[in-house]
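Anchor point for the sequence shown: position 32 equals 177 in my numbering, and the numbering is continuous, going up by one each time. Each residue gets a CB set at the ideal place from its N, CA and C atoms; glycine is no exception. To keep things clear, I will list the structure first and then write my remarks on it.
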Amino acid sequence: MRRAELGVVELVEPAARLAGTLRVPGDKSIAHRALILGALADGESVITGLPPGEDVRATVACLRSLGVRLSPVSPSPARGEASGWGLRITPLGFSTPHGPLDCANSGTTMRLLAGVLAGSRVSATLDGDASLRRRPMARVVEPLRKMGASIESRDGHPPLVLTGTALQGRRHLLSVPSAQVKSALLLAGLAARGPTTVVEPAPTRDHTERLLVAMGADLRVQSSPPPLGEGQGGGFQGVVIELRPSHRPLHAIELAVPGDFSSASFWMAAAALRPGWS
């Protein structure tokens, strides 16, 4: 394969042999959620195997600006932890930040923190770089407003100006499957009065639900019946997630973030293309 870029031609020859063992970075989606839920828990959580990317560092920086204490710890490859870095999370209760929370280019950071801050007692502005400011946030903002959240936006785009207020749990019917929107609503539901239910038209990644259950939340997941007018045999695979309020706070966890399957898939595909090697 030849690739021409800025006058440079790069020739890539097929490998005669492909074998070895490698450790991929930690899963970014799990890392975001573990850090945020750790900041909401009762007690110190330890999260290791964090990936090196800027998105996760944006979440860490925002949590620090909200008053969460995060101190470095070292991952332990001997325990099978992914390569990366780790943090000990000491929740101190959120405090109003001195300036906008910079989500950089991380839409996940912005959407998840919008859910968390909507029901908090602090006021904050979620902002990001020029690219993030062009991304639509209405699919998060509108359902949060229906729960009672006070959020101002620029025609449905960042920055998002949130004033924490009391929320009321409700049933959300998502028209488009989105793990980030679902997660934002569940995070808001932690602070809401009454149950919060999210109905997905199709399953999405369930890291948030798994972490919530592991940390003691009263959460239930079941299959959804097909929408009115659709037959039972249409292959509809909707999911209903119900989060009920609890008088007990989330308990702290120790988590080694597993390797990112998406990153591993490239190497798996490469090995599969060379019969006899792995």
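Using the three-state DSSP reduction, which class does A160 fall into: helix, strand or coil?
Stepping through the sequence shown from its first residue, residue 160 is reached at position 15. Three-state result, A160: coil.
With DSSP as the reference, label L312 as helix, strand or coil.
Locating residue 312 in the sequence shown gives position 167, counting from the first residue. Look at L312 here: in three-state DSSP terms it is strand.
Using 10 angstroms around the beta-carbon of G312, count the other beta-carbons present and answer buried if the total reaches 16, otherwise exposed.
Taking the first residue of the sequence shown as position 1, residue 312 is located at position 167. The question names Gly, but residue 312 is Leu in the sequence shown. L312 counts as buried, since no fewer than 16 other beta carbons sit within 10 angstroms of its beta carbon.
Measure how close the beta-carbons of L395 and A362 come, nearest whole angstrom, since I'm counting them as under 8 angstroms.
For the purposes of this step, residue 395 is taken as residue 250 along the sequence shown, with counting starting at 1. For the purposes of this step, residue 362 is taken as residue 217 along the sequence shown, with counting starting at 1. Rounded, the Cβ-Cβ distance is 6 angstroms, consistent with contact.
Could you tell me the alpha carbon to alpha carbon distance between C207 and T235, rounded to whole angstroms?
Within the sequence shown, residue 207 is the residue found at index 62, counting from 1. Within the sequence shown, residue 235 is the residue found at index 90, counting from 1. One C-alpha to the other measures close to 14 angstroms.
Does the segment 255 to 262 come close enough to the segment 171 to 182 to have 3 or more Cβ pairs within less than 8 angstroms?
Flag = yes, the segment 255 to 262 and the segment 171 to 182 touch.
My understanding is that L262 touches A269, with C-beta atoms under 8 angstroms, so please give their C-beta distance in whole angstroms.
Counted from its first residue, the sequence shown places residue 262 at position 117. Counted from its first residue, the sequence shown places residue 269 at position 124. Confirmed, about 5 angstroms.
In the DSSP assignment, what residue or residues form a beta bridge with A269?
As a working mapping, residue 269 is identified with position 124 in the sequence shown. Answer is L307.
On the criterion of 16 or more Cβ atoms from any shown chain inside 10 Å, does V384 qualify as buried, or is it exposed?
Translated into positions along the sequence shown, residue 384 becomes position 239. Taking all protein chains in view, the Cβ of V384 is crowded by 16 or more other Cβ atoms within 10 Å, so the residue is classified as buried.
For the alpha helix (DSSP H) that D300 lies in, which residues bound it at each end?
Mapped onto the sequence shown, residue 300 falls at position 155. Membership of D300 in any alpha helix (DSSP H) is not indicated, and neither H nor E is assigned to it by DSSP.
Is the number of C-beta pairs between the segment 152 to 172 and the segment 400 to 410 that are closer than 8 angstroms three or more?
The segment 152 to 172 vs the segment 400 to 410: in contact.
Tell me whether Q325 is buried or exposed, calling it buried when 16 or more other Cβ atoms sit within 10 Å of its Cβ.
Residue mapping note: residue 325 aligns to position 180 of the sequence shown, counting from 1. With a threshold of 16 other beta carbon atoms within 10 Å, Q325 meets it and is buried.
Can you name the residues that DSSP bridges to V385?
Residue mapping note: residue 385 aligns to position 240 of the sequence shown, counting from 1. Bridge partners of V385: V344, Q367.
Out of S298, T341, S323, which has the shortest C-alpha to C-alpha gap to T253?
Locating residue 253 in the sequence shown gives position 108, counting from the first residue. Taking the Cα of T253 as reference, the smallest distance to any Cα among S298, T341, S323 is reached at S323.
Identity of the residues DSSP links to A337 by a beta bridge:
As a first step, residue 337 must be located in the sequence shown, where it is residue number 192. Within the DSSP secondary-structure output, A337 pairs in a beta bridge with L312.
In angstroms with no decimal places, state the Cα-to-Cα distance between A409 and R209.
Numbered from its first residue, the sequence shown carries residue 409 at position 264. Numbered from its first residue, the sequence shown carries residue 209 at position 64. Rounded to whole angstroms, the gap between the alpha carbons of A409 and R209 is 31 angstroms.
Examine the Cβ distances between the segment 288 to 301 and the segment 331 to 338 and report whether three or more of them are shorter than 8 angstroms.
By the criterion of at least three beta-carbon pairs nearer than 8 angstroms, the segment 288 to 301 is in contact with the segment 331 to 338.
Excluding sequence positions up to five away, which residues of its chain have a Cβ less than 8 angstroms from the Cβ of G198?
Walking along the sequence shown from the start, residue 198 turns up at place 53. Excluding sequence positions up to five before and after G198, its CB lies within less than 8 angstroms of the CB of P170, K173, all in the same chain and listed in chain order.
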